[in-house]
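K.L.:
Just so you know, the sequences run in chain order W and Y.
In terms of full-length UniProt numbering, the first sequence opens at residue 1 and continues consecutively.
In terms of full-length UniProt numbering, the second sequence opens at residue 1 and continues consecutively.
Just so it is clear, CB atoms sit at the ideal spot from N, CA and C, and this is done for glycine as well.
Note that the coordinates shown come from a computational prediction; the quantities given were computed from them, not determined experimentally.
Structure provided below as structure tokens; questions to follow.
2 protein chains.
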Amino acid sequence: MVNLNDVAQKAHVSKMTVSRVINHPDQVSPELMRLVQQAIKAVGYVPNQVARALVNQRQYVVRFLLLEDVSTVEPNYAKLLIRLANNLQKKGYTLEISLDIMAETQSIDGIIVSGWRTEDLSKLQALDVPVTLYGAAPTKCPLSSVDVDNQAGIEKATEYMWRQGYRDIYYIGLSLDLPFARQREAGYRAVMAKKDGRVSVYQTENHAHLADTLVTNLLHNFQLPTAIVCATDRIALGVLRAVQRVYHIPRDCGVIGFDGVFIDQLTQPQLTTVRQPFALISEKIVAQIISQIESEIILEPNNISISPDIVVRESTRL
Amino acid sequence: MVNLNDVAQKAHVSKMTVSRVINHPDQVSPELMRLVQQAIKAVGYVPNQVARALVNQRQYVVRFLLLEDVSTVEPNYAKLLIRLANNLQKKGYTLEISLDIMAETQSIDGIIVSGWRTEDLSKLQALDVPVTLYGAAPTKCPLSSVDVDNQAGIEKATEYMWRQGYRDIYYIGLSLDLPFARQREAGYRAVMAKKDGRVSVYQTENHAHLADTLVTNLLHNFQLPTAIVCATDRIALGVLRAVQRVYHIPRDCGVIGFDGVFIDQLTQPQLTTVRQPFALISEKIVAQIISQIESEIILEPNNISISPDIVVRESTRL
DNA sequence: TTGAAAGCGCTAACAC
DNA sequence: GTGTTAGCGCTTTCAA
């Protein structure tokens, strides 16, 4: 392993000079600068991050802590993970994956948490490490978070349906007592209240076939043209199937989903959906956690909400 | 930060004794053992992995290097990644994600590579770090690898179709000049040769709608009952749609896919498929890379092939 | 501007 | 069985 000393000898300087060339280039004279840089290249020196971490008490590692059950993991995570890894790398950090909330925290600088439940939050605080939550934190929670604005997303979806001429608008939500589920439903209700339209809210579990059954029983009430705003793409997939057996999409009936990960592109017709902007989300998460890590003082918790956009495809009128 | 010294003082022993309690428990007397263990608990000591890594020249970190384009990433990866992280953690290792084949290798002990192309292989060898490929290595490549047995998988699929009474069996493959694509096709051909059945091979890109179009044009040639063996679940999804418009599934026509990740459960009817056994695959990968890391000598490359099983669902006759 | 010394927390090698 | 010494590769004092 090539180390500072090897470079120092090659350049006939002390290792401190070499170290300074890397960490404090302004403190070293131009001649030595050049000399050292040549030597670094010549011997193929790469700084040892471990030694650096030991002396700096900083690891340049951020952990992605996934608290959700592995079996229920949505394909979302692959993209998010990769984007996070990429963004962190640009800042000189490395991404590590863990499923264990109790894993040691000495070898990391910060934690990005996903799939958490309310009861995890106090444990997370006790860890005494910078934390950024993926998913909006409860109002009284002193942790920072980044989330898509669920209510704004469904508001956009509902308004879009209205704008496209659908007046009989249903909402098929998640029968789940979680903030994001409630916020999405609230988005629908807010817009329908504003437009003074009839509110039709139904709930189901997040499975295509359950949504299919549910909507099949609703079809005869439709006052065409009808629109169906769905809490997730999975639900939308089932809705699409149910509706398609009887009505024309998008003429008689429009369907919009939420997530925009993978499923939306597999449906027939392709699904119009509210897309989670993972590129932006991961950027914000990384900026968030790094500012916490690199700040001298303890930052106030910062809760970022990102308003998602609609991706128009084939399941809604143009 | 609590360190060895703090524990040593608390227990009135030297730090070496504490170190030994952790790393070589057999070399320390029972009394001190107890004493030290109490002290460790009392002060809440957690070994500093960074210091450990520095002195041992071992980082206890394995990198997952994803060479595939982010945008084409299949949802597969989330599950694989999580399983890998989990298995590695059991062995005391940590999983890190990287997309950069040239990233420094001093802070890691080994690399698991996915989405590689032939031209990456020489770079990987030059890294001089233990490497395990996900996906079968070319025969002359001196790197270890783990892969699902693609040929055996499609052989099972084809034989299953034959066994269920389908005699007119098509294969819809990938128009991709990659080993796994060729192996899958070979699996179909091998079984059809053995059964002396008519060989009908078609190829398409990995998109549902392309497969749909392709098969729609084939339908009129079917000699029912017909079976369609598909190289991927995405293809199978399109095939399902095309066939469904005309024939009954699975009575007139059976369809089987390959991968068993996510898509298969979303189709209607649910897709019978050859499932990639990710739990096993990740176990083998981890065992593989760790044996390389922990072996004193350089191991011969080891190529593991895992025969996948069929998950019978609704798109084939019972 | 540059260098020498000390030490981050740990363990292997060697003494006792 | 236990302690002492040295050093992994680096950076932050502090002195020149």
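May I have a chain-ordered list of the beta strand (DSSP E) segments no shorter than 3 residues that lie completely inside the segment 88-164 of chain W?
P.N.:
Taking only runs of at least 3 residues, the beta strand (DSSP E) segments lying wholly in the segment 88-164 of chain W are 94-98, 110-114, 131-134, 144-148.
K.L.:
Locate the beta strand (DSSP E) running through residue 262 of chain W, then write down its first and last residues.
P.N.:
Unbroken run through residue 262 of chain W: none, as it is neither H nor E.
K.L.:
Determine whether the Cβ of residue 85 of chain Y lies closer than 8 Å to any Cβ atom of chain W.
P.N.:
At least one chain W Cβ lies under 8 Å of residue 85 of chain Y.
K.L.:
Just checking my contact of residue 201 of chain W with residue 173 of chain W at CB under 8 Å: how many whole Å lie between their CB atoms?
P.N.:
About 6 Å separates the two Cβ atoms, so the contact holds.
K.L.:
Roughly how many whole angstroms lie between the Cα atoms of residue 114 of chain Y and residue 1 of chain W?
P.N.:
Cα-Cα distance, rounded: 27 Å.
K.L.:
Within the chosen definition, does the segment 234-251 of chain W reach the segment 171-190 of chain Y through at least 3 CB pairs nearer than 8 Å?
P.N.:
Because the criterion of three Cβ pairs below 8 Å is not met, the segment 234-251 of chain W and the segment 171-190 of chain Y do not touch.
K.L.:
For a cutoff of 8 Å on Cβ pairs, would you count residue 291 of chain W as touching chain Y?
P.N.:
By this cut-off, residue 291 of chain W is not an interface position.
K.L.:
Give every residue of the same chain whose Cβ lies closer than 6 Å to the Cβ of residue 307 of chain Y, excluding the five residues on either side of it in the sequence, and list them in chain order.
P.N.:
For residue 307 of chain Y, where only same-chain residues beyond five positions count, the Cβ hits under 6 Å are 149, 152.
K.L.:
Quick check on DSSP: helix, strand or coil for residue 213 of chain W?
P.N.:
Residue 213 of chain W falls in the helix class under three-state DSSP.
K.L.:
Per DSSP, which residues does residue 64 of chain Y bridge with? Please list them.
P.N.:
Per DSSP, Y:97, Y:112.
K.L.:
Out of W:222, W:76, W:38, W:183, which has the shortest C-alpha to C-alpha gap to residue 276 of chain W?
P.N.:
If we check each option's Cα against that of residue 276 of chain W, W:76 comes out closest.
K.L.:
Using only CA atoms, which one of W:41, W:158, W:60, W:192 lies nearest to residue 290 of chain W?
P.N.:
Nearest of W:41, W:158, W:60, W:192 to residue 290 of chain W, Cα basis: W:60.
K.L.:
Pick out the complete alpha helix (DSSP H) segments inside the UniProt domain "HTH lacI-type" (2-56) of chain Y, 4 residues or longer, and give them in chain order.
P.N.:
List check, alpha helix (DSSP H) in window: 4-11, 15-23, 30-43, 49-56.
K.L.:
Below 8 Å CB to CB, which residues in the same chain sit around residue 33 of chain W once its five sequence neighbours on both sides are set aside?
P.N.:
Contacts found: 21, 25.
K.L.:
Go to residue 231 of chain Y, then tell me how far its alpha helix (DSSP H) extends in each direction, as first and last residue.
P.N.:
Unbroken run through residue 231 of chain Y: none, as it is neither H nor E.
K.L.:
Against chain Y, which members of the segment 236-262 of chain W pass a CB distance test of less than 7 Å?
P.N.:
For the segment 236-262 of chain W, which is checked against every Cβ of chain Y, the residues closer than 7 Å are 237, 241, 262.
K.L.:
In terms of residues, what are the limits of the beta strand (DSSP E) holding residue 280 of chain Y?
P.N.:
First-last for residue 280 of chain Y: 278-294, but that is the alpha helix (DSSP H), not the beta strand (DSSP E).
K.L.:
Out of curiosity, what's the CA-to-CA distance linking residue 228 of chain W and residue 266 of chain W?
P.N.:
Cα to Cα, the separation comes out at about 19 Å.
K.L.:
Taking DSSP as the reference, what is the three-state secondary structure of residue 275 of chain W?
P.N.:
Three-state result, residue 275 of chain W: strand.
K.L.:
Rounded to the nearest angstrom, how far is the Cβ of residue 95 of chain W from that of residue 103 of chain W, given a contact under 8 Å?
P.N.:
The Cβ separation is near 14 Å, so there is no contact.
K.L.:
In the structure shown, what three-state DSSP assignment does residue 311 of chain W receive?
P.N.:
Note: residue 311 of chain W maps to strand in three-state DSSP.
K.L.:
Leaving out five residues on either side along the sequence, give the residues of the same chain with a beta carbon under 6 Å from the beta carbon of residue 108 of chain Y.
P.N.:
The answer, listed in chain order, is 59, 61, 63.
K.L.:
Check whether the Cβ of residue 127 of chain W lies closer than 8 Å to any Cβ atom in chain Y.
P.N.:
Residue 127 of chain W does not count as touching chain Y.
K.L.:
In the DSSP assignment, find the unbroken alpha helix (DSSP H) run with residue 201 of chain W in it and report its ends.
P.N.:
Counting along the chain, residue 201 of chain W falls outside any alpha helix (DSSP H), though it belongs to the beta strand (DSSP E) covering 200-204.
K.L.:
Between residue 94 of chain W and chain Y, is there a C-beta pair that is closer than 8 Å?
P.N.:
Closer than 8 Å to some Cβ of chain Y, the Cβ of residue 94 of chain W qualifies, so yes.
K.L.:
Starting from the Cα of residue 101 of chain W, find the closest Cα among W:40, W:127, W:302, W:134 and give me that residue.
P.N.:
Cα-wise, what sits closest to residue 101 of chain W is W:127.
K.L.:
Applying a beta-carbon distance threshold of less than 7 Å, which residues of chain W neighbour residue 107 of chain Y?
P.N.:
In chain order: 49, 50.
K.L.:
Which of the three DSSP states is assigned to residue 239 of chain Y in this structure?
P.N.:
In the structure shown, residue 239 of chain Y sits in a helix (DSSP, three-state: H, G or I).
K.L.:
Between residue 129 of chain W and residue 81 of chain W, what straight-line distance do the alpha-carbon atoms span, to the nearest angstrom?
P.N.:
Approximately 20 Å between the Cα atoms of the pair.
K.L.:
Candidates W:224, W:143, W:175: which alpha carbon is nearest residue 298 of chain W's?
P.N.:
Of the candidates W:224, W:143, W:175, the one whose C-alpha sits nearest the C-alpha of residue 298 of chain W is W:143.
K.L.:
Measure the Cβ-Cβ separation of residue 258 of chain W and residue 111 of chain W and say whether it is below 8 Å.
P.N.:
Taking 8 Å as the Cβ cut-off, residue 258 of chain W and residue 111 of chain W do not qualify as a contacting pair.
K.L.:
Among W:68, W:97, W:88, W:92, which residue has its Cα nearest to the Cα of residue 118 of chain W?
P.N.:
Measuring from the Cα of residue 118 of chain W, the nearest candidate turns out to be W:68.
K.L.:
If you compare alpha carbons, which of W:175, W:125, W:135 is closest to residue 116 of chain W?
P.N.:
Out of W:175, W:125, W:135, W:135 has the C-alpha closest to the C-alpha of residue 116 of chain W.
K.L.:
Give the DSSP bridge partners of residue 305 of chain W, in chain order.
P.N.:
Paired residue(s): W:147.
K.L.:
Is it buried or exposed for residue 163 of chain Y, if we count other Cβ within 10 angstroms and need 16 for buried?
P.N.:
So residue 163 of chain Y ends up on the exposed side.
K.L.:
Between residue 104 of chain Y and chain W, is there a C-beta pair that is closer than 8 Å?
P.N.:
By this cut-off, residue 104 of chain Y is an interface position.
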